[in-house]
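Encoded as C-alpha cells, the structure appears first; notes follow it.
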Ligand code: 5GP
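Numbering (the working numbering), first residue to last: 3 to 219.
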C-alpha cells in the first residue's frame with residue numbers, strides 16, 4: 003500500500019451509496035504533510051511534461067493543487083462553480099453534473115487565465131464518473147491550451163470516469179484507485195497499480211454512469 007492508501011485505511015470512512023469520506027485529512031480538514039507528499043508524487047509521475055499551470059475546481063481541489071504547485075513552481079487556476087452565469091464573453095463555461103450533490107454545476111474560468119500557450123496539469127481530489135474532469139478538459143481545450151496530464155488523489159475505479167478519461171488518451175494518474183468499498187465493514191479494496199497497462203480496458207460506461215457536460219463559451 004502506498005502512503006495515501008494507508009491513510010485511507012486508517013482515517014477514511016465508507017458511507018452508504020459508494021461515498022468515501024476523507025474529510026479528516028483531505029477535503030475538509032487537510033493534512034498538509036500528506037498533501038505535500040502527494041504533490042511530490044505528482045511531480046514524479048509527470049516528470050518531463052512541460053507543465054506551466056495547474057487547473058483545479060473549487061472547493062476540494064484547491065488545497066491539493068496549491069501544495070502540488072509548489073513542487074511544479076507554477077500558478078494555480080481554480081474553476082469557479084456558480085448558479086448565476088454572466089456570459090460576457092470573458093469566461094469559459096462548462097456545464098457538469100455533480101456526483102455528490104446530484105445537480106448541474108456551471109464551471110467557470112476567466113479567459114485571461116488560460117491561453118493557447120498554457121500546458122496544463124489538471125488536479126482534483128476525487129474521480130468518480132468523470133463529469134467534473136470532463137468539464138475542466140473542455141475548458142482547457144476551448145482555450146486552445148494543452149492538457150499535459152491529470153492528477154487525482156482518489157479514483158473510484160468501479161465508476162466509469164477513469165476508463166473514459168484514459169480511453170480519451172490522457173495521462174491520468176490517480177494516487178489511490180478504490181475498486182470496492184463496503185459500508186458495513188468499512189473495508190476498502192485498492193487496485194494494484196503495478197499491474198495496470200498503458201491505456202485501459204475499453205469498457206463502455208454502464209447506463210447511468212454517463213455524465214452530461216457541455217461547454218458554453
Ligand atoms: P465526478 O464528476 O467524477 O463524477 O465526481 C467528482 C467529484 O465528486 C469530486 O470532485 C468530488 O468532490 C465528488 N466525489 C465523488 N465521489 C466522491 C466520494 O466518494 N467522496 C467524496 N468525498 N467526494 C466524492
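Even glycine gets a Cβ: it sits at the ideal position worked out from N, Cα and C.
Keep in mind the model is a prediction, meaning the values are calculated, not measured.
*Using alpha carbons as the reference points, say which of 96, 190, 152, 98 lies closest to residue 175.*
152
_So if DSSP puts residue 157 in a beta bridge, which residue, or which two residues, is it bridged to?_
129, 179
*Whole-angstrom distance between residue 160 and residue 51, CA atom to CA atom*: 28 Å
_Looking at residue 190: is its Cβ nearer than 8 Å to the Cβ of residue 14?_
yes
*If we count the other Cβ atoms within 10 Å of its Cβ and call it buried at 16 or more, is residue 107 buried or exposed?*
buried
*Do you know offhand how far residue 97's Cα is from residue 156's?*
23 Å
*asked:* Assuming contact is defined by CB atoms lying nearer than 8 Å, are residue 124 and residue 66 in contact in what I supplied?
replied: no
*Go through its chain and collect everything with a Cβ distance to residue 35's Cβ below 7 Å, but skip five positions before and after it.*
Annotation for residue 35: no residue places its beta carbon closer than 7 Å to its own, counting only its chain and skipping 5 residues before and after.
*Between residue 29 and the rest of its own chain, which residues show a CB-CB distance below 7 Å, the 5 nearest in sequence each way excluded?*
62, 127
_So, with DSSP's three-state summary, where would you put residue 142?_
helix
*asked:* Just to confirm the assignment: which complete beta strand (DSSP E) runs, minimum length 3, are found wholly within the stretch 24 to 79?
replied: 55 to 59
_Can you give me the C-alpha to C-alpha distance between residue 194 and residue 148, rounded to a whole angstrom?_
29 Å
_Between residue 127 and the ligand FMN, is there a pair consisting of the residue's CB and a ligand heavy atom that are separated by less than 7 Å?_
The ligand FMN is absent from the structure shown, which contains only the ligand 5GP.
*Three-state secondary structure (DSSP) of residue 189*: Looking at residue 189 - three-state DSSP - the assignment turns out to be coil, as it is neither helix nor strand.
*So residue 12 is in the alpha helix (DSSP H); what residue range does that whole segment cover?*
5 to 13
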